[in-house]
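Peer 1: So for the sequence shown, the numbering used here puts the first residue at -3; every next one is plus one.
All C-beta atoms in this analysis are idealised placements derived from N, C-alpha and C, irrespective of residue type, glycine included.
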Amino acid sequence: MTFLSEPPGSPDVEALYAADVDQDGFVMNLSRLWAHDPATNDSFTSLLVRTAEIAGLTTVERGVLVCATAAARGDSYCALAWGGRLSRFADEETALAVLKGELEALPERLRVLAAWARAVVLDPSATGPDDVAALRGVGFDDRQVFALTTYVALRHAFSTVNGALGATPDPQLRDDAPPAVTETVTWGRGVED
């Protein structure tokens, strides 16, 4: 599940696990990892929520940013989790396009968001004014551009912590995602049943 042992039980750990069960029906492997410091998990989650709200991101747009970030980073965990979600929130074709980096057929706003997330993850020093202008061109003001870029950077950091400490994708994520998504996500750590 992860390279770390199960954290000691506490009310905060139990609350984190209960939230998973309420939302997903099981305790996620990444929650077992982040349960080593629930306060950090809560702060991190609050910052993600705040930046998404400031950016004015819809659920689909968040899914596009997370899938693009996960695919560029080589994070199978978030790619499976959010690839399945994006398939439900938008459609399977959108999820597959973002995961594969084949963005041409996406609506312009989603295409620009996915391209920006990939650029931020793969080579942030190579971005330029034209990239930011593209974000402005699909309706984001400068504060929103800052917020959505911070959102991508935070998702990248989240993936890095999970990957470095061995969080493997939960079998439920594989089982809940469309087969085409699971066939596409061939990078990162494999699912352990």
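Using C-beta distances below 6 Å, list every residue in its chain close to Q168, excluding the 5 sequence neighbours before and after it, in chain order.
Peer 2: Walking along the sequence shown from the start, residue 168 turns up at place 172. For Q168, where only same-chain residues beyond five positions count, the Cβ hits under 6 Å are F22.
Peer 1: Are there three or more Cβ pairs, one per stretch, closer than 8 Å when the segment 140 to 159 is compared with the segment 65 to 77?
Peer 2: Verdict: yes, contact present.
Peer 1: Residue ranges of each alpha helix (DSSP H) run of no fewer than 4 residues wholly in the segment 84 to 133, ordered along the chain?
Peer 2: List check, alpha helix (DSSP H) in window: 88 to 96, 104 to 118, 125 to 133.
Peer 1: Grab the span of the alpha helix (DSSP H) containing L144 for me, first residue to last.
Peer 2: As a position in the sequence shown, residue 144 is number 148, starting the count at 1. L144 -> alpha helix (DSSP H) spans 138 to 160.
Peer 1: Would a C-beta distance cut-off of 8 Å place D127 and W112 closer than the cut-off?
Peer 2: By one-based count along the sequence shown, residue 127 stands at place 131. By one-based count along the sequence shown, residue 112 stands at place 116. Against a cut-off of 8 Å, the Cβ pair of W112 and D127 comes out as a contact.
Peer 1: Return the CA-CA distance between F(-1) and W183, expressed in angstroms with no decimal places.
Peer 2: Residue -1 sits at position 3 when you count from the first residue of the sequence shown. Residue 183 sits at position 187 when you count from the first residue of the sequence shown. So the alpha carbons of these two residues sit roughly 19 Å apart.
Peer 1: Answer yes or no: do V60 and L106 have a C-beta to C-beta separation smaller than 8 Å?
Peer 2: Here residue 60 refers to the residue found at position 64 when the sequence shown is read from its first residue. Here residue 106 refers to the residue found at position 110 when the sequence shown is read from its first residue. Against a cut-off of 8 Å, the Cβ pair of L106 and V60 comes out as a contact.
Peer 1: Taking all protein chains shown into account, decide if T156 is buried (16 or more other Cβ within 10 angstroms of its Cβ) or exposed.
Peer 2: The sequence position of residue 156 within the sequence shown is 160, counting from 1. Answer is exposed; the Cβ neighbour count stays below 16.
Peer 1: Quick check: the Cα distance between N158 and Y13, rounded to an integer number of angstroms?
Peer 2: Numbered from its first residue, the sequence shown carries residue 158 at position 162. Numbered from its first residue, the sequence shown carries residue 13 at position 17. Near 17 Å, if we compare the C-alpha coordinates of Y13 and N158.
Peer 1: Among the candidates A67, E57, E2, whose CA atom is the shortest distance from the CA of T180?
Peer 2: Indexing the sequence shown from 1 puts residue 180 at position 184. If we check each option's Cα against that of T180, A67 comes out closest.
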